[in-house]
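Trainee: Here it is: the structure, laid out below.
Written as structure tokens, this is what we have:
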């Protein structure tokens, strides 16, 4: 596959590993061992067993008939919202937690924005008997109270990030600081296709189960072997990377990432990184991120806590650079409207992250015989108050 990462962790000029000296041994241990472990027969057997019997895979590829009639095309929803814990995040957390256990790590830390990754991490740590701490911004604690309570009930220590914008970026900063100060026996379970090599490649591999299942299910649902479009939301970009993976080398399949444009791309309250970002180093990798004139990380905004991040993963930066994928900005208003529409038409309340992907249906012209697959990355229970209170 020509889009595979290099041995040093690069997608073109993006990616790599930029970490302080205290973490070099942790990263090198991971780089040297992760492929050998996750490709072993014993790991695959346990991972796939848990995906099937604990997560509930395969998730359905659902034909959204009323939505399809409205837009005059064939729309299929990949129902990652039906995974145990309510989002695609559980795929990656099971994989990385098994890896951490094999490496002999005693404590797992994670960062979270919308709370979905935090809940998924707390869940697998409870399952495997590993202690867990989750960093989350104070603003996101207010927005995602139900998920915070779930993490605590599952036994995780929830640590608020009080700096900066008090969102995902700051939670990631705090998790990295903790790891730098406590490198012994601690495993950092990153939730997106971000961070130093091998995290972007590793998370993509664990999430590629999404596109693998789409390929296996498509003919039965739509009478086609490949779709015309695959659409997914992009914050860091884990569900998009997993949805795109098996289609990357099939140029006839158009790939679209929906970015959070907040109040508008140039409003000063946006997270549309492919429009506003430029290359730089953030959170351990070289990628596109929104920054000030002197290279400092800028504040991002999205109504969706999971997309409220000023960068995208290096794989997505590369796909954007060579135009293999198209990245479309979606405002808060457009996402809310799309989420409410899906609830009304199909009886499915999507996470606000997924609502951004659904909003692309208003921005592209599709033919009647085209097949559109949209990754419904998570369920909207956690966002009910935001839907209810949005004006």
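Numbering (the working numbering), first residue to last: 4 to 394. The beta carbon of each residue, even a glycine, is placed where N, CA and C say it ideally should be.
Between the segment 378-391 and the segment 258-265, do three or more beta carbon pairs fall short of 8 Å?
Mentor: no
Trainee: My guess is that residue 398 and residue 243 are in contact by the Cβ rule of under 8 Å, so how many angstroms apart are they, rounded?
Mentor: Absent from the structure is residue 398, since the part of the chain shown begins at 4 and ends at 394.
Trainee: Please go through the same chain and pick out, in chain order, the residues whose beta-carbon is closer than 7 Å to the beta-carbon of residue 87, but skip the five residues on each side of it.
Mentor: 57, 58, 59, 93
Trainee: Provide the residue(s) that pair with residue 66 in DSSP beta bridges, ordered along the chain.
Mentor: 79
Trainee: Should residue 365 and residue 337 be called a contact, given that it needs their Cβ atoms to be closer than 8 Å?
Mentor: It is a contact, given that the beta carbons lie within the stated cut-off.
Trainee: Considering only residues of the segment 124-182, which uninterrupted alpha helix (DSSP H) runs meet the minimum length of 4 residues and lie entirely inside it, listed in chain order?
Mentor: 141-146, 148-156
Trainee: Please state whether DSSP places residue 40 in a helix, a strand or coil.
Mentor: The answer is helix: DSSP assigns residue 40 an H, G or I state.
Trainee: For residue 110, does the three-state DSSP call read helix, strand or coil?
Mentor: strand
Trainee: Residue 308: which of 144, 227, 179, 220 sits nearest, CA to CA?
Mentor: 144
Trainee: For the 8 Å Cβ check, are there 3 or more pairs between the segment 16-33 and the segment 277-290?
Mentor: yes
Trainee: For the alpha helix (DSSP H) that residue 268 lies in, which residues bound it at each end?
Mentor: Taken as a continuous stretch (DSSP letters only), residue 268 belongs to no alpha helix (DSSP H), as it is neither H nor E.
Trainee: Give the straight-line distance between the Cα atoms of residue 369 and residue 375, rounded to the nearest whole angstrom.
Mentor: Cα-Cα distance, rounded: 9 Å.
Trainee: Within a Cβ cutoff of 8 Å, which residues of the same chain sit near residue 274, ignoring the five residues on either side of it in sequence?
Mentor: So the qualifying residues of the chain are 238, 262, 263, 264, 265, 293, 303, 304, 305, 310, 311, 312, 313.
Trainee: Quick one, which of 220, 352, 331 has its alpha-carbon nearest residue 416's?
Mentor: Outside the modelled stretch of the chain, which goes from 4 to 394, sits residue 416, for which no answer is possible.
Trainee: So what does DSSP say about residue 379, is it helix, strand or coil?
Mentor: In the structure shown, residue 379 adopts extended strand secondary structure according to DSSP, grouped into three states.
Trainee: Considering residue 328, what are the terminal residues of the beta strand (DSSP E) in which it resides?
Mentor: 328-334
Trainee: By Cβ distance, which residues of its chain are closer than 7 Å to residue 321, with the 5 residues on each side in sequence left out?
Mentor: Listed in chain order, the non-local C-beta contacts of residue 321 below 7 Å within the same chain comprise 14, 15, 17, local neighbours out to five positions each way being set aside.
Trainee: Would you call the segment 104-116 and the segment 130-138 in contact, with 3 or more CB pairs under 8 Å?
Mentor: yes
Trainee: Drop a sphere of 10 angstroms on the beta-carbon of residue 254, count the other beta-carbons inside from all chains shown, and report buried for 16 or more, exposed for fewer.
Mentor: Around the C-beta of residue 254, fewer than 16 other C-beta atoms lie within 10 Å, and the residue is accordingly described as exposed.
Trainee: Have a look at residue 34 and residue 8 and give me their C-alpha separation to the nearest angstrom.
Mentor: 12 Å
Trainee: Work out the CA separation of residue 49 and residue 277 for me, nearest whole Å.
Mentor: 38 Å
Trainee: For residue 292, write down the residues that DSSP places opposite it in a beta bridge.
Mentor: 281, 314
Trainee: Nearest-angstrom Cα distance between residue 2 and residue 350?
Mentor: In this structure the chain extends from 4 to 394, so residue 2 is not present and cannot be described.
Trainee: Quick one: Cα of residue 64 to Cα of residue 235, how far?
Mentor: As the crow flies, the alpha-carbon of residue 64 is around 14 Å from that of residue 235.
Trainee: One question on the structure: do residue 113 and residue 178 come within less than 8 Å of each other, judged by their Cβ atoms?
Mentor: Here residue 113 is near residue 178, since their CB atoms are less than 8 Å apart.
Trainee: From the DSSP secondary-structure annotation, give me the bridge partner or partners of residue 17.
Mentor: According to the DSSP secondary-structure assignment, residue 17 is paired through a beta bridge with 14.
Trainee: Where does residue 54 sit, in a helix, a strand or coil, going by DSSP?
Mentor: Looking at residue 54 - three-state DSSP - the assignment turns out to be helix.
Trainee: For residue 372, which residues from the same chain have a beta carbon less than 6 Å from its beta carbon, with the 5 sequence-adjacent residues on both sides left out?
Mentor: none
Trainee: To which residues of the same chain is residue 295 closer than 8 Å at the C-beta, ignoring the five residues directly before and after it?
Mentor: So the qualifying residues of the chain are 301.
Trainee: Could you tell me the distance, in whole angstroms, from the CA atom of residue 161 to the CA atom of residue 115?
Mentor: Looking at the backbone, the Cα of residue 161 and that of residue 115 are separated by about 10 Å.
Trainee: Give the DSSP bridge partners of residue 276, in chain order.
Mentor: According to DSSP, residue 276 bridges with nothing at all.
Trainee: Considering only DSSP beta bridges, list what residue 86 is partnered with.
Mentor: Answer is none; residue 86 lacks a bridge partner.
Trainee: With H, G and I counted as helix, E and B as strand and the rest as coil, what does DSSP make of residue 206?
Mentor: helix
Trainee: Relative to the alpha-carbon of residue 41, which residue among 70, 89, 100 has its alpha-carbon at the smallest distance?
Mentor: 100
Trainee: Please state if the CB of residue 140 and the CB of residue 435 are separated by a distance shorter than 8 Å.
Mentor: As displayed, the chain neither begins before 4 nor continues past 394, which places residue 435 out of reach and without an answer.
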